[in-house]
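Engineer: Quick one: the structure is below, and I'll ask about it shortly.
2 protein chains.
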Amino acid sequence: MIGVFDSGVGGLTVLEALAAELPCEHFVYLGDTARLPYGTKSAETVVRYALQATGALMQYPLKCLVIACNTASAVSLPAIRERMANVPVIGVIEPGAEAACAASRSGRIAVIATEGTVRGAAYEEAIRRRRADVRLTALPAPLFVALAEEGVCEGPIAEAVAHHYLDPLFAAPRRPDTLVLGCTHFPMLIQAIRAAVGAQVTIVDSAQTTARHVRRTLREAGLAAAGGQGSLRLLATDAPQRFARIGSRFLERPIEAHEVELVDL
Amino acid sequence: MIGVFDSGVGGLTVLEALAAELPCEHFVYLGDTARLPYGTKSAETVVRYALQATGALMQYPLKCLVIACNTASAVSLPAIRERMANVPVIGVIEPGAEAACAASRSGRIAVIATEGTVRGAAYEEAIRRRRADVRLTALPAPLFVALAEEGVCEGPIAEAVAHHYLDPLFAAPRRPDTLVLGCTHFPMLIQAIRAAVGAQVTIVDSAQTTARHVRRTLREAGLAAAGGQGSLRLLATDAPQRFARIGSRFLERPIEAHEVELVDL
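So the sequence lines, in the order shown, correspond to chains A and B. Mapping of the first sequence onto this note's numbering: residues 201 to 465, in sequence order. Mapping of the second sequence onto this note's numbering: residues 201 to 465, in sequence order.
Structure follows, in structure tokens:
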């Protein structure tokens, strides 16, 4: 089984990409909806919550754990890896950083993320480790999270917010050529973001890059499912109905409230 | 001492109104920033969190407890009152409902609030108890919370969001004549909201009405401070720096991070 952990429903964009790359696998997804958002919380608190969630997922026979939340990936990977010594633990930051470094020609890369991810500077570190020449700009864009959760993903509000955050970066003469969507909510707003940055900028969606990274890791370790029909189990720490309603948009298929199991952390 | 409890910084609008009405009182404010927002969480979870916060505030010699959070007021007042049997516990819903019923001529009242407050139907119940003739429309407006926290309180985005929520209500022929701001964040957006609804609508800000209600309660009970200089103690369950930065806007005076004491619930 592959565990996928997120602070809420945003990680369903990662789950969707994983299920597309690995259709024969069994997934268990835990959204910590009782305590979201992680993006505005301190590193210590996020680490504590992430370890509790990891503990809940360890009830399942995991062969791999994906930390689909950028904020949790940014601050809690070492602690989670220590806890799950025998299972590969994959975050979304490293695959995103790798894809951005491969895509950028000019070395000017921008990352939009939550406050917590930006403050933790995890993308910065992961990108600099790969390419010392990169000039990185990391920008918190929390309104995108609220818009995605509200389903206001296109139209004048989404476009105005995209311009609000991105114009100062992309209207500059030496503008970035690559933009990393450093939050699992942001792929929902891809059209408004694309309209604001223009067609020339490469947009790196860490859901896609992480899914490919997980597939490669499982294959290299000889852990990939050989065939059969995959499955999905959904867990949430609060409000299964809201999870189902908003999650349906993120997963791009209907979720019924009774499919979502309530767990107490 | 007067305890003021909120899920985060939004309740500082209530605290500011309280300090203006009652300048000689000593206040202790607790923002549960580790677990905000409450507005999207289930009633059970909000009650549990509110009781933990109440426990922390009971360390102080309280003569009154104000539940500044609409969502917590909507679902957890009975549980908190049971816990604090000897101290008056005042929420923001009843004073807001009272003011709205007094203000409305046509009996058509609208409430904008968080999802949790709308789902709990507490305004509906409190208003109908006072005026059976009222036709109430309650609408969740969660993007306003995100905008207020981000400090995007005026300009094209705030106006577009105000129109997004309010036009369907106020463009109708039999439009409400009274609008209740049923979330402590919303007074921050008063200009954009006013622009969307027009000058004829009475806007009820529950911070003001609650502060007056608290003053009346203390006077009637003979508990009001007779004189002297008031004081303020700020507690948060996470991220004091963020509390200080964003809270400064809500309290309309600078807050230094070292003024905010971290408490663990």
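Using N, Cα and C, we set each Cβ at its ideal position, and we do this for glycine too.
Please classify A:Tyr260: does DSSP put it in a helix, a strand, or coil?
Structural biologist: coil
Engineer: By the criterion of Cβ-Cβ separation under 9 Å, what are the contact partners of A:Val460 in chain B?
Structural biologist: The premise fails here: A:Val460 is roughly 12 Å from chain B at the closest Cβ pair, so nothing lies under 9 Å.
Engineer: How is B:Gly239 classed by DSSP in three states: helix, strand or coil?
Structural biologist: coil
Engineer: Can you list the residues of chain A that B:Ser276 reaches, using a CB-CB cut of under 8 Å?
Structural biologist: Residues of chain A passing the Cβ test: none, with the nearest at roughly 15 Å.
Engineer: Please compile the residues from chain B whose C-beta is within a distance smaller than 7 Å of the C-beta of A:Ser242.
Structural biologist: Asp438, Ala439
Engineer: Give a yes or no on whether the C-beta atoms belonging to B:Tyr323 and B:Ala341 are separated by under 9 Å.
Structural biologist: Note that the C-beta distance between B:Tyr323 and B:Ala341 is not below 9 Å.
Engineer: Tell me, please, whether the stretch 247–263 of chain B touches the stretch 213–220 of chain B by the rule of three or more beta-carbon pairs shorter than 8 Å.
Structural biologist: No contact exists between the stretch 247–263 of chain B and the stretch 213–220 of chain B.
Engineer: Among A:Ile293, A:Ala346, A:Ser306, which residue has its Cα nearest to the Cα of A:Arg329?
Structural biologist: A:Ile293
Engineer: Cα separation between B:Arg373 and B:Thr337?
Structural biologist: Reading the sequence as shown, one finds Pro at residue 373 of chain B and not Arg. In a straight line, the C-alpha of B:Pro373 is about 14 Å away from that of B:Thr337.
Engineer: Any beta carbon of chain A sitting closer than 9 Å to that of B:Leu236?
Structural biologist: With 9 Å as the cut-off, B:Leu236 counts as an interface residue toward chain A.
Engineer: Please name the residues in the stretch 369–393 of chain A whose beta-carbon is closer than 8 Å to at least one beta-carbon of chain B, in chain order.
Structural biologist: The residues in question: there are none.
Engineer: Return the chain-ordered list of same chain residues with a C-beta closer than 7 Å to the C-beta of B:His413, the five sequence neighbours on each side being excluded.
Structural biologist: Ile290, Pro295
Engineer: Is the Cβ of A:Ile267 closer than 9 Å to any Cβ of chain B?
Structural biologist: no
Engineer: When the Cβ atoms of the stretch 363–379 of chain B are set against those of the stretch 377–388 of chain A, are three or more pairs found closer than 8 Å?
Structural biologist: The stretch 363–379 of chain B and the stretch 377–388 of chain A do not touch, with fewer than 3 CB-CB distances between them shorter than 8 Å.
Engineer: Using only alpha-carbon positions, find the residue among B:Glu461, B:Pro387, B:Asp333, B:Ala396 that is nearest to B:Pro368.
Structural biologist: B:Ala396
Engineer: Between A:Val275 and A:Gly208, how many whole angstroms is the CB-CB distance? I'm expecting something under 8 Å.
Structural biologist: About 17 Å separates the Cβ atoms of A:Val275 and A:Gly208, ruling out a contact at the 8 Å cut-off.
Engineer: Mapping the DSSP letters down to three states, classify A:Thr378 as helix, strand or coil.
Structural biologist: strand
Engineer: Which same chain residues, not among the five before or five after B:Arg283, have their C-beta less than 7 Å away from its C-beta?
Structural biologist: Excluding sequence neighbours, B:Arg283 sits near Leu251, Thr254.
Engineer: So, do the stretch 305–316 of chain A and the stretch 351–358 of chain A have three or more beta carbon pairs nearer to each other than 8 Å?
Structural biologist: No: the two stretches stay apart, fewer than three of their Cβ pairs being nearer than 8 Å.
Engineer: Mind pulling the chain A residues with CB within less than 7 Å of B:Arg442?
Structural biologist: Thr240
Engineer: Quick one: what's got a C-beta closer than 6 Å to B:Ala425's C-beta in the same chain, skipping five residues either side?
Structural biologist: Cys224, Glu225
Engineer: Measuring CA to CA, which of B:Gly422, B:Val287, B:Ala362 is closest to B:Gly398?
Structural biologist: With distances taken between Cα atoms, B:Gly398 lies closest to B:Ala362.
Engineer: In this structure, does DSSP put B:Arg331 in helix, strand or coil?
Structural biologist: DSSP places B:Arg331 outside both helix and strand once states are collapsed to three, so it counts as coil.
Engineer: Below 8 Å between beta carbons is the criterion; list the residues of the stretch 334–354 of chain B that meet it against any residue of chain A, in chain order.
Structural biologist: The stretch 334–354 of chain B vs chain A, Cβ under 8 Å: Pro342, Leu343, Val345, Ala346, Leu347, Glu349, Glu350, Val352.
Engineer: Does A:Thr314 come within less than 9 Å of chain B when only Cβ atoms are used?
Structural biologist: no
Engineer: Whole angstroms is fine: what's the gap from A:Leu230's alpha carbon to A:Phe370's?
Structural biologist: 36 Å
Engineer: What are the start and end residues of the beta strand (DSSP E) that includes A:Thr402?
Structural biologist: Segment 402–405, the beta strand (DSSP E) holding A:Thr402.
Engineer: Flag this pair as yes or no: are the beta carbons of B:Gly447 and B:Leu212 separated by less than 9 Å?
Structural biologist: yes
Engineer: Is B:Leu462 near B:Leu435, with beta carbons less than 9 Å apart?
Structural biologist: yes
Engineer: Leaving out five residues on either side along the sequence, give the residues of the same chain with a beta carbon under 7 Å from the beta carbon of A:Ala303.
Structural biologist: Thr378, Thr402, Val404
Engineer: Do you know offhand how far A:Arg433's Cα is from B:Val287's?
Structural biologist: A straight line joining the alpha-carbon of A:Arg433 with that of B:Val287 spans about 46 Å.
Engineer: Just checking: is the beta-carbon of A:Thr410 within a distance shorter than 9 Å of some beta-carbon in chain B?
Structural biologist: no
Engineer: For B:Thr410, name the three-state secondary structure that DSSP assigns.
Structural biologist: If DSSP states are grouped into helix, strand and coil, B:Thr410 belongs with the helices.
Engineer: Within the same chain, show all residues whose beta-carbon is closer than 7 Å to that of B:Pro261, passing over the 5 residues directly before and after it, in chain order.
Structural biologist: Met201
Engineer: Taking the alpha carbon of B:Glu452 as the point to measure from, which residue in B:His458, B:Ala243, B:Pro387 has its own alpha carbon closest?
Structural biologist: Among B:His458, B:Ala243, B:Pro387, the Cα nearest to that of B:Glu452 belongs to B:Pro387.
Engineer: Note down, in chain order, every chain A residue with its Cβ under 8 Å from the Cβ of B:Val361.
Structural biologist: What B:Val361 touches in chain A: Ile357.
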